[in-house]
Amino acid sequence: MFIAIIAGIFSGYIVGLFGKFSFFKEDSVIPDFVRAWFDSLLPIGIVIIVVWVLVDILGLDIYNIIQGIFMPVAAIIQTPFGFVLSSFLACFLYSMGISSWVLTPVTKPAFMIGITANIAMVAAGTATPETLNLVTDPTVYSAYMWIGGIGCTFPLVIMLAISKSAKLKALGRACLVPAVFNINEPVVFGCVAWNPIMMIPMWLTSIVLPLVIWVFTKVIPFAPIPTIVFDMWYCPFPISTWLTTQSIKGILLMLLCAVIGTVIWYPFFKTYEKQEIENEQAKG
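Have a look at this one:
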């Protein structure tokens with residue numbers, strides 16, 4: 022992705038630089054589409070030649086350079102502190118109404134480095150709970166943590182769907198189907214974002230769940246660490262857990278995360294529900 026971005030920026034810059042250049046005079050009788058075609062040859066040629074020289078002749082490997090830049094980030098993420106930090110930043114931004122996808126350019130390469138290393142260790146027969154990288158896309162999005170979406174919001178959606186508040190019940194039922202497929206924009210922007218009561222449990226899940234997962238996969242190797250690339254974050258739990266871990270113990274850890282998420286969300290939800298019921302009663 023980063024290589025595509027760099028290539029796009031470079032190509033756009035070169036094309037923009039020669040945007041006013043033309044091989045022909047303004048009063049030329051040559052049709053406009055022919056002039057445009059010829060004029061585009063120069064910037065296109067420059068882009069092709071520069072890339073050819075850098076990659077084929079000089080042997081420049083942009084992918085490895087970018088990977089090297091992100092290796093320190095990947096190393097930090099593969100620690101308990103880094104795991105918690107990456108999760109907390111995602112939930113913190115999301116609770117402010119900023120999509121956590123803005124972190125993808127930083128976290129995605131680190132996650133991919135981690136899962137690629139896991140695949141290599143499995144192939145070499147050297148994979149152990151101590152050596153495997155825990156913080157990867159499958160762990161975060163599909164195996165254990167973000168049940169219902171970032172922030173483990175599926176328990177919250179269930180609470181909303183059976184709420185005594187008419188407003189919250191309608192919101193929960195509208196969010197139920199998307200939540201099954203880990204799409205939680207409706208519930209986050211409808212209930213959590215900029216809500217002082219509901220922002221706190223989202224932050225707490227981002228701290229508690231990574232630590233629980235770390236303990237039961239690294240410290241106490243109860244459940245397996247995913248060793249396959251699995252980018253279908255929209256696959257429902259626990260199906261995605263089974264596909265990424267092939268383990269009943271993995272499903273048990275996922276259920277434990279769901280229970281912990283429920284415990285975290287519940288008291289804050291009840292406070293918010295009470296507030297909404299009082300508002301509805303006041304309005305008659």
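All residue numbers for the sequence shown refer to my numbering, where the first residue is 22 and numbers rise by one.
Each residue gets a CB set at the ideal place from its N, CA and C atoms; glycine is no exception.
Within the same chain, and ignoring the five residues on either side of C112 in sequence, the residues whose Cβ sits closer than 8 Å to its Cβ are S121, I171, G172, M223, W224, T226 and S227. With a 10 Å radius around the Cβ and a threshold of 16 neighbouring Cβ atoms, F289 comes out buried. Residues of the same chain with a CB within less than 8 Å of the CB of I272, apart from the 5 flanking positions on each side, are P259, T262, W263 and T266 in chain order. Contact check for W73 against M180 fails: the beta carbons are separated by 8 Å or more. In this structure, the beta-carbon distance from V156 to G169 does not fall below 8 Å. Under the three-state reduction of DSSP, L106 is assigned to helix. With a 10 Å radius around the Cβ and a threshold of 16 neighbouring Cβ atoms, L75 comes out exposed. Selection I67, F59, L62 and W58 evaluated against A28 yields I67 as nearest (Cα-Cα).
For Y255, there is no enclosing alpha helix (DSSP H), as DSSP marks it with neither H nor E.
Ranked by how close their Cα comes to the Cα of T100, the residues I86, L79, A131 and L114 have A131 in first place. A distance below 8 Å separates the beta carbons of L230 and I281. Looking at the backbone, the Cα of Y115 and that of L276 are separated by about 24 Å.
With contacts defined as CB atoms closer than 8 Å, L124 and L110 qualify as a contacting pair. DSSP places C173 outside both helix and strand once states are collapsed to three, so it counts as coil.
According to the DSSP assignment, K188 belongs to the alpha helix (DSSP H) that extends over A187 to V201. DSSP places Y165 in the coil class of the three-state scheme, outside both helix and strand.
Here L38 carries a helix assignment [DSSP, helix/strand/coil]. Boundaries of the alpha helix (DSSP H) around S261: I260 to T266.
In this structure, E206 is the residue among K239, Y255, E206 and I249 with its C-alpha nearest to the C-alpha of G118. Taking 8 Å as the cut-off, the Cβ atoms of I234 and M166 count as close. Residue burial is scored here from C-beta neighbours: F237 has at least 16 other C-beta atoms within 10 angstroms and is therefore classed as buried.
DSSP places M220 in the uninterrupted alpha helix (DSSP H) bounded by P217 to W235. Close CB contacts of K239 within its chain, under the 7 Å cut and outside five residues either way in sequence, are with P150 and L155 (chain order). Ranking I86, M219 and M253 by CA distance to the CA of Q296 puts M219 first.
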